[in-house]
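See below for the structure under consideration.
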Amino acid sequence: MAHPDGPTPFSAAARLAVAGTGFVRAVAELIIFGYLPIRLHSAGEERLTVLALISAIPALVRFVGSGAWGAASSRSGRIKPYLVLGFAALLAVLLLLGRLTEPWAAVLAVSLGSLLFSAVAPLSKSLVSLLASGETSRSLAGWLQAESLGWLVGGAAISWVGTRPEGFQLLLALAAGLIAGELLLILMALPEVPAAAREEKAMPRLLDLAKAVASSRIWRALVAFATLTVASEGTFTVYGIYLTGILGGSERLYGASLTLSTLLGVATYWALGRFSHRLRPERLLPAAATAYGITYVIMTSWRDPLVMAALYALPLYTVARTGVIWQIARETAPTERSAAMGFLDGSEALAIGVGSLTAGAIADGLGFPALFTTFALAAGLVALASHRQPDAEAAGGRRSEAGSGRYSF
Numbered sequence: 141m142a143h144p145d146g147p148t149p150f151s152a153a154a155r156l157a158v159a160g161t162g163f164v165r166a167v168a169e170l171i172i173f174g175y176l177p178i179r180l181h182s183a184g185e186e187r188l189t190v191l192a193l194i195s196a197i198p199a200l201v202r203f204v205g206s207g208a209w210g211a212a213s214s215r216s217g218r219i220k221p222y223l224v225l226g227f228a229a230l231l232a233v234l235l236l237l238g239r240l241t242e243p244w245a246a247v248l249a250v251s252l253g254s255l256l257f258s259a260v261a262p263l264s265k266s267l268v269s270l271l272a273s274g275e276t277s278r279s280l281a282g283w284l285q286a287e288s289l290g291w292l293v294g295g296a297a298i299s300w301v302g303t304r305p306e307g308f309q310l311l312l313a314l315a316a317g318l319i320a321g322e323l324l325l326i327l328m329a330l331p332e333v334p335a336a337a338r339e340e341k342a343m344p345r346l347l348d349l350a351k352a353v354a355s356s357r358i359w360r361a362l363v364a365f366a367t368l369t370v371a372s373e374g375t376f377t378v379y380g381i382y383l384t385g386i387l388g389g390s391e392r393l394y395g396a397s398l399t400l401s402t403l404l405g406v407a408t409y410w411a412l413g414r415f416s417h418r419l420r421p422e423r424l425l426p427a428a429a430t431a432y433g434i435t436y437v438i439m440t441s442w443r444d445p446l447v448m449a450a451l452y453a454l455p456l457y458t459v460a461r462t463g464v465i466w467q468i469a470r471e472t473a474p475t476e477r478s479a480a481m482g483f484l485d486g487s488e489a490l491a492i493g494v495g496s497l498t499a500g501a502i503a504d505g506l507g508f509p510a511l512f513t514t515f516a517l518a519a520g521l522v523a524l525a526s527h528r529q530p531d532a533e534a535a536g537g538r539r540s541e542a543g544s545g546r547y548s549f
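Quick note: the sequence shown uses this note's numbering, first residue 141, plus one each step.
Take a look at the structure:
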């Protein structure tokens, strides 16, 4: 029994629902954005630019949707209804993809669904940061671990059943079943969580977003992170095709590399959460950018499927993403948290779209060495620029680590 003045403990089902917002979404999105292009490529679609649109157009839709849903949540002070809407849309897309064979039909279905399920990722992170009764960074690291486990399960599923004739249908059924279960948990077990609604009257969405990211430290971090996301997600867009179609690697190696990547991601999230009290979020981004630059130089000069798979598995994006999420959680007020997380996910989605289109266009026109060289230069610029950013204490930007403390995990 919790103390009357203390936080109300979550039930086991409610904790599972919170973790599922990351885990289940990751499984579904990996199958949609990671395996669907390979499926269509093996069915005869050879234009990399067209295959890249499967990620690019939905990402551009999510750029608008994430910010809008985040701002709407901040104004209304509610999160649960938006999560239900988002997961319902994701379930509908999974059921529809099982009946579609044309690339353009698949792009349209995923794009329309993205307008609604773009609410899930930012509001899930906002939910965790607002509920945390202890350190926000550690709670977010735990949620990111759950998300990373979703990538692990999705990668393992692709590796095990992706080569079967009925593999794609089995993967869609797995994802749809998980989404349906998560929806039931949210509806039945997750209490309504006020998202620290604003006291003032409704504010226009653009002003909501502008206020949430007004700190120059935050928008600089967002620009740096978006640049790394262009490179990382651009690589992800063409990775399966490059590994299996150009370097001669197997689909089993592709799935295994995704599995290894997520295992390393889970371990990295655990380590970051364990030592969060000793780490400065603003230092994680430049460290990841430096490692990215070195990695892309190796990709350019060493064309081997095992080397490519090993480099792809490095958890560099995990470090960069954790840093920027922590920074936003620490440097925004609770009333601005959902809007700020929405802006982060919108920026990430825009970068995914740009990265997907850039990767497809450069790989088609100039080849993969030119693509990786471009990404190496971008990572180098981010490393140089972000190393010059002042520490949070010096800039006066760091806020308390605690969330609202209404519930405990």
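The beta-carbon is built from N, C-alpha and C at its ideal position, and this holds for glycine as well.
All figures in this text were calculated on a predicted structure; none of them were measured in a lab.
Please return the same chain residues whose Cβ sits closer than 6 Å to the Cβ of residue i, not counting the five positions on each side in sequence.
{"i": "LEU200", "result": "GLY493"}
{"i": "THR375", "result": "none"}
{"i": "TRP283", "result": "GLY162, VAL268"}
{"i": "PHE308", "result": "ARG179"}
{"i": "ILE298", "result": "TYR175, GLY395"}
{"i": "THR377", "result": "ALA192, SER195, SER496, ALA499"}
{"i": "ARG420", "result": "none"}
{"i": "TRP466", "result": "SER277, PRO421"}
Would you give the residue range spanned by the alpha helix (DSSP H) that residue i belongs to?
{"i": "PHE105", "result": "Outside the shown range of the chain (141 to 549) lies residue 105, about which nothing can therefore be said."}
{"i": "ILE298", "result": "276 to 301"}
{"i": "ALA266", "result": "For clarity, residue 266 is Ser in the given sequence; the question names Ala instead. Run containing SER266: 260 to 271, per the alpha helix (DSSP H) assignment."}
{"i": "ARG165", "result": "152 to 169"}
{"i": "GLU471", "result": "456 to 471"}
{"i": "ARG414", "result": "391 to 414"}
{"i": "PHE257", "result": "243 to 257"}
{"i": "PHE227", "result": "220 to 237"}
{"i": "SER451", "result": "For the record, residue 451 in the displayed sequence is Leu; it is not Ser. Where LEU451 is concerned, the enclosing alpha helix (DSSP H) stretches over 445 to 452."}
{"i": "SER423", "result": "Per the sequence shown, residue 423 should be read as Arg rather than Ser. Residues 421 to 441."}
Can you tell me the Cα-Cα spacing of residue i and residue j, whole angstroms?
{"i": "MET448", "j": "ARG461", "result": "22 Å"}
{"i": "LEU234", "j": "LEU456", "result": "29 Å"}
{"i": "GLY536", "j": "GLU471", "result": "Model confidence at GLY536 stands at a pLDDT of 46, short of 50, so the residue's coordinates are unreliable; what they give is reported in the following sentence. Taking the straight line from one Cα to the other gives about 9 Å."}
{"i": "SER390", "j": "SER266", "result": "39 Å"}
{"i": "LEU180", "j": "LEU191", "result": "8 Å"}
{"i": "GLY405", "j": "THR458", "result": "6 Å"}
{"i": "ALA259", "j": "THR369", "result": "19 Å"}
{"i": "GLU287", "j": "LEU403", "result": "11 Å"}
{"i": "LEU451", "j": "ARG215", "result": "43 Å"}
{"i": "TRP291", "j": "GLY217", "result": "30 Å"}
{"i": "ALA525", "j": "MET481", "result": "23 Å"}
{"i": "THR367", "j": "ARG304", "result": "37 Å"}
{"i": "LEU236", "j": "ALA166", "result": "18 Å"}
{"i": "LEU323", "j": "ALA296", "result": "23 Å"}
{"i": "SER277", "j": "LEU255", "result": "29 Å"}
{"i": "GLN285", "j": "LEU270", "result": "18 Å"}
{"i": "VAL204", "j": "PRO177", "result": "23 Å"}
{"i": "ARG392", "j": "TRP300", "result": "8 Å"}
{"i": "TRP410", "j": "ARG418", "result": "14 Å"}
Between which residues of its own chain and residue i is the CB-CB distance below 8 Å, once the five residues before and five after are set aside?
{"i": "ALA329", "result": "SER151, ALA153, ALA154, LEU156, ALA157"}
{"i": "GLY321", "result": "GLY160, VAL164"}
{"i": "LEU454", "result": "SER401, LEU404, ALA431, THR435"}
On the criterion of 16 or more Cβ atoms from any shown chain inside 10 Å, does residue i qualify as buried, or is it exposed?
{"i": "SER441", "result": "exposed"}
{"i": "PHE415", "result": "exposed"}
{"i": "GLU242", "result": "exposed"}
{"i": "LEU484", "result": "buried"}
{"i": "GLU332", "result": "exposed"}
{"i": "GLY505", "result": "exposed"}
{"i": "GLU422", "result": "buried"}
{"i": "ALA510", "result": "exposed"}
{"i": "LEU327", "result": "exposed"}
{"i": "GLY463", "result": "buried"}
{"i": "TRP244", "result": "exposed"}
{"i": "LEU424", "result": "buried"}
{"i": "ALA523", "result": "buried"}
{"i": "GLU488", "result": "buried"}
{"i": "ARG202", "result": "buried"}
{"i": "GLU306", "result": "exposed"}
{"i": "ALA469", "result": "buried"}
{"i": "LEU446", "result": "exposed"}
Skipping 5 residues on each side, what residues in its chain have a beta carbon closer than 7 Å to that of residue i?
{"i": "GLY253", "result": "ALA229, LEU230, ALA232, VAL233"}
{"i": "VAL437", "result": "ALA516"}
{"i": "LEU325", "result": "ALA153, LEU156, ALA157, GLY160"}
{"i": "GLU169", "result": "none"}
{"i": "PHE365", "result": "LEU425, ALA460, VAL464"}
{"i": "THR514", "result": "ILE502"}
Taking 9 Å as the CB-CB limit, is residue i close to chain B?
{"i": "PRO445", "result": "Reference to chain B is not applicable here, since this structure consists of a single protein chain."}
On the three-pair Cβ rule with 8 Å, is the stretch 422 to 432 touching the stretch 308 to 316?
The answer is no - the stretch 308 to 316 does not touch the stretch 422 to 432, with fewer than three Cβ pairs under 8 Å.
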